[in-house]
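**Q**
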Amino acid sequence: MTQTTSAHHQGGTAPPAARFDAVVRAAVGQGLLGEGGPVAGFIDTEGVRASVGALHDAFAATPEVLHTFAAKACSLVPVLRLLADCGMGCEVASPGELRLAMEAGFAASRVVLDSPAKTREEIRLALALGVAVNADSLDELRRIDALRNPGTASVLGLRVNPQVGGGSIGPMSTATDTSKFGVALRDPGAREAIVEAFRERPWLTRLHTHVGSQGCPLELIADGVAQTYELAEEINATLGVRRVTSLDIGGGLPVNFADETVRPGYADYVAALTAAAPGLFSGRYSLVTEFGRSLLAKNGFIGARVEYAKDAGGRRIALTHAGAQTATRTVLMPDAWPLRIGAFGPDGTPKTGPSLAQDIAGPCCFAGDVVAYGRELPELAEDDVVVLYDTGAYYFSTPWAYNSLPRPAVYGFRAVAGPEDGSGHDGPVTFTTVRDAQSLDDIAAESGLAHADALIQRDG
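Position one of the sequence shown corresponds to residue 79 (our numbering), numbered consecutively onward.
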């Protein structure tokens, strides 16, 4: 689906706080947000291209680097295809994500499979396709020993946990002493076992690490990468041969959810890595990155209709269609994942007037389904629209099926500035369907409708 309306938005033209105002107005005007579509996700395609460009620019001096996108951050085939068109590879962590990457058109040589629980069949498929595989444990290496065909084109690596500590969000920190990911580098005997694993396997040529991203300071991330770089140097020196030839340094760029600015940037990330491991960019090792959230978060938003507004115990509550089913992390961990909220009228124009402390609640049937508490916003009323900013990654692309609520539609958009002739007329906003809203028929089919009588069949 392609639709066009008027807007005024292009890099730097609109004030930063109003970056998506015209897009919201266009979405309401075209019926993408309203009675027939009470919640939807939106992706800024030109913004995505700009973010990928900033990543490539930051690593421009690196002799050999493959930037992969972490598919879990937005597992939508059209978005993945856009990223492939921008020159990205793809990091996947399940058979489903691998299928999506293949459907999106990524070359197998530009796909990396990570997961702490790969099945034999999953490994067989990856090796047959020629997808790179990072083993998560020494036991997995032994499984690959039995499954590997010497003719496979797959680059094979081993993930290590440098155990440098956690950030401010415990569940997002993957380099703690007891993390489930990788071989714990500082555990007794682990370092020697890793060196021996590389000695025994000439086909094992890559080291992989990922410290975490959100809540992790750049210094912590850089320390983890530096520890892995030093291990690669040790392996090669001990074996007397250049066995480790590439380093997969994972993702690791947190997103600023406090305001519109992008900080830290990819250049800041490269500077931190250079300070911690000066030899990392020397060309001795080719590099792989696995960014996700940082590429898409600020290039997308959720729009949702206000169905009702009420008062309870002196508190104003706006009941919307965006709750835990699409903003799961924010609802379950509000302090760790706060979101900025925008208030718009029924016509999609920004609301004005005195601010009022309000809760923004969702449609799920549990009391904690609230995406924002006590936010100072112009008073919201029935048929208004709220916008959840910085939700281009993870939020609407991986919804939760709580209460059998339908998965929301997702639209890509391009917004172009109007003529520079002083006429004041806006240019077009073009929307394209990325994912249709889930229908009630889809929900019924997914819940086993084809087997409705399976549990009541009687013998005889």
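Every residue gets a Cβ at the ideal spot worked out from N, C-alpha and C, and that includes glycine.
1) Restricting to Cα atoms, I'd like to know which of 485, 212 and 225 is closest to residue 521.
2) Mind checking whether residue 478 and residue 367 have CB atoms under 9 Å apart?
3) Using a Cβ distance threshold of 8 Å, determine whether the stretch 259 to 274 contacts the stretch 323 to 338, with at least three qualifying pairs required.
4) Using the beta-carbon count (16 or more within 10 Å), is residue 402 buried or exposed?
5) Terminal residues of the continuous beta strand (DSSP E) containing residue 432?
6) Verify whether the separation of the beta carbon atoms of residue 377 and residue 122 is less than 9 Å.
7) Spatial neighbours of residue 116 within its chain, please: C-beta separation below 6 Å, excluding the five flanking residues on both sides.
8) Do you know whose CA, among 226, 288 and 244, lies nearest residue 237's CA?
9) Whose C-alpha, out of 178, 234, 179 and 184, is nearest the C-alpha of residue 201?
10) For residue 441, count the other beta carbons within 10 Å of its own beta carbon; 16 or more makes it buried, fewer makes it exposed. Which is it?
11) Tell me, please, which residues DSSP counts as bridged to residue 529.
12) When the Cα of residue 506 is compared with those of 513, 516, 493 and 518, which residue comes out closest?
13) Could you give the C-beta distance for residue 448 and residue 419, rounded to a whole number, given that I count them as a contact under 8 Å?
14) Excluding five sequence neighbours on each side, which residues of the same chain lie with their C-beta closer than 6 Å to the C-beta of residue 186?
15) Taking contact to mean 3 or more Cβ pairs, one atom from each stretch, closer than 8 Å, check whether the stretch 452 to 470 and the stretch 386 to 395 are in contact.
16) Give the straight-line distance between the Cα atoms of residue 220 and residue 252, rounded to the nearest whole angstrom.
17) Between 178, 335 and 104, which lies nearest to residue 414 when the distance is taken from Cα to Cα?
18) Ignore the nearest five residues each way along the sequence and tell me which others in residue 176's own chain have a CB closer than 6 Å to its CB.
19) Measuring alpha carbon to alpha carbon, tell me which of 524, 232 and 303 ends up nearest residue 365.
20) May I ask you to report which of helix, strand or coil DSSP gives residue 481?
21) Looking only at C-alpha atoms, which of 337, 433, 423 and 296 sits nearest to residue 461?
22) Note down, one range per segment and in chain order, each alpha helix (DSSP H) of at least 4 residues found wholly within the stretch 140 to 199.
23) Under 8 Å by Cβ, that's how I've got residue 509 and residue 111 pegged, so tell me the actual separation to the nearest angstrom.
24) Under three-state DSSP, which class holds residue 101?
25) Look up residue 386 in the DSSP assignment and say whether it is helix, strand or coil.
26) Can you check whether the CB of residue 372 is closer than 9 Å to the CB of residue 119?
27) Alpha carbon to alpha carbon, how far is residue 533 from residue 525?
28) In angstroms with no decimal places, state the Cα-to-Cα distance between residue 512 and residue 154.
29) What are the start and end residues of each continuous beta strand (DSSP E) run of 3 or more residues lying completely inside the stretch 341 to 423, in chain order?
30) Drop a sphere of 10 angstroms on the beta-carbon of residue 218, count the other beta-carbons inside from all chains shown, and report buried for 16 or more, exposed for fewer.
31) Can you tell me the Cβ-Cβ gap for residue 167 and residue 145, rounded? I've got them flagged as a contact below 8 Å.
32) Which residue marks the beginning of the beta strand (DSSP E) containing residue 122, and which one marks its end?
33) Within 10 angstroms of its Cβ, does residue 188 collect 16 or more other Cβ (buried), or is it exposed?
34) Which one or two residues does DSSP pair with residue 326 in a beta bridge?
35) So, with DSSP's three-state summary, where would you put residue 228?
36) Could you compute how far the alpha carbon of residue 216 sits from the alpha carbon of residue 183?
**A** From the atom records:
1) Counting from 1 along the sequence shown, the entry for residue 521 is found at position 443. The option with the nearest alpha carbon to residue 521 is 485.
2) Stepping through the sequence shown from its first residue, residue 478 is reached at position 400. Stepping through the sequence shown from its first residue, residue 367 is reached at position 289. Not closer than 9 Å, so no.
3) no
4) The residue labelled residue 402 in the question sits at position 324 within the sequence shown. By the 10 Å Cβ count, residue 402 comes out buried.
5) For the purposes of this step, residue 432 is taken as the residue at position 354 of the sequence shown. Neither: residue 432 is in no beta strand (DSSP E) and is coded neither H nor E.
6) Stepping through the sequence shown from its first residue, residue 377 is reached at position 299. Stepping through the sequence shown from its first residue, residue 122 is reached at position 44. Yes. Within cutoff.
7) Residue mapping note: residue 116 aligns to position 38 of the sequence shown, counting from 1. These residues qualify, in order along the chain: 383 and 399.
8) Against the sequence shown, residue 237 aligns to sequence position 159. The candidate whose alpha carbon is nearest that of residue 237 is 288.
9) As a position in the sequence shown, residue 201 is number 123, starting the count at 1. Checking every option, the nearest Cα to that of residue 201 belongs to 234.
10) Counting from 1 along the sequence shown, the entry for residue 441 is found at position 363. Classification of residue 441: buried, given that the 10 Å Cβ count is 16 or more.
11) Within the sequence shown, the letter at position 451 stands for residue 529. Paired residue(s): none; residue 529 is not in a bridge.
12) Taking the sequence shown and counting its residues from 1, the one referred to as residue 506 is at position 428. Cα-wise, what sits closest to residue 506 is 493.
13) Within the sequence shown, numbered from 1, the residue matching residue 448 stands at position 370. Within the sequence shown, numbered from 1, the residue matching residue 419 stands at position 341. Contact doesn't hold; Cβ gap of about 11 Å is too wide.
14) Stepping through the sequence shown from its first residue, residue 186 is reached at position 108. Taken in chain order, the residues that qualify are 207, 208 and 209.
15) yes
16) For the purposes of this step, residue 220 is taken as residue 142 along the sequence shown, with counting starting at 1. For the purposes of this step, residue 252 is taken as residue 174 along the sequence shown, with counting starting at 1. Using only the alpha carbons, I get a separation of about 23 Å.
17) As a working note, residue 414 is residue 336 in the sequence shown. For residue 414, the nearest C-alpha among the options comes from 335.
18) The residue you call residue 176 lines up with position 98 of the sequence shown. Answer for residue 176: 170, listed in chain order.
19) Taking the first residue of the sequence shown as 1, we reach residue 365 at position 287. Comparing Cα positions, the closest option is 303.
20) One-based indexing of the sequence shown puts residue 481 at position 403. In the structure shown, residue 481 sits in a helix (DSSP, three-state: H, G or I).
21) Here the question's residue 461 lines up with position 383 in the sequence shown. Ranking 337, 433, 423 and 296 by Cα distance to residue 461 puts 423 first.
22) 155 to 163 and 173 to 182
23) For the purposes of this step, residue 509 is identified with residue 431 of the sequence shown, where counting begins at 1. For the purposes of this step, residue 111 is identified with residue 33 of the sequence shown, where counting begins at 1. Going by Cβ atoms, the distance from residue 509 to residue 111 rounds to 11 Å, so no, they are not a contact pair.
24) Counting from one through the sequence shown, the residue named residue 101 turns up at place 23. Here residue 101 sits in helix by DSSP.
25) Residue 386 sits at position 308 when you count from the first residue of the sequence shown. Strand.
26) Position 41 of the sequence shown, counted from the first residue, corresponds to residue 119. Position 294 of the sequence shown, counted from the first residue, corresponds to residue 372. No, the pair does not count as a contact, with Cβ atoms beyond the cut-off.
27) Here residue 533 refers to the residue found at position 455 when the sequence shown is read from its first residue. Here residue 525 refers to the residue found at position 447 when the sequence shown is read from its first residue. Each residue's Cα considered, the two are about 14 Å apart.
28) Start at 1 with the first residue of the sequence shown, and residue 512 comes out as number 434. Start at 1 with the first residue of the sequence shown, and residue 154 comes out as number 76. For residue 512 and residue 154, the distance between alpha carbons rounds to 8 Å.
29) 364 to 369, 378 to 390, 393 to 398 and 419 to 422
30) What you label residue 218 is simply residue 140 of the sequence shown in a count that begins at 1. It is buried - the Cβ of residue 218 has at least 16 other Cβ atoms within 10 Å.
31) Here residue 167 refers to the residue found at position 89 when the sequence shown is read from its first residue. Here residue 145 refers to the residue found at position 67 when the sequence shown is read from its first residue. Yes, they are in contact, since the Cβ atoms of residue 167 and residue 145 sit about 7 Å apart, within 8 Å.
32) As a working mapping, residue 122 is identified with position 44 in the sequence shown. Segment 117 to 122, the beta strand (DSSP E) holding residue 122.
33) The residue you call residue 188 lines up with position 110 of the sequence shown. Buried, since its Cβ has 16 or more Cβ neighbours within 10 Å.
34) Counting from 1 along the sequence shown, the entry for residue 326 is found at position 248. In DSSP, residue 326 forms a bridge with 286 and 366.
35) Locating residue 228 in the sequence shown gives position 150, where the first residue counts as 1. If DSSP states are grouped into helix, strand and coil, residue 228 belongs with coil.
36) Here the question's residue 216 lines up with position 138 in the sequence shown. Here the question's residue 183 lines up with position 105 in the sequence shown. About 32 Å.
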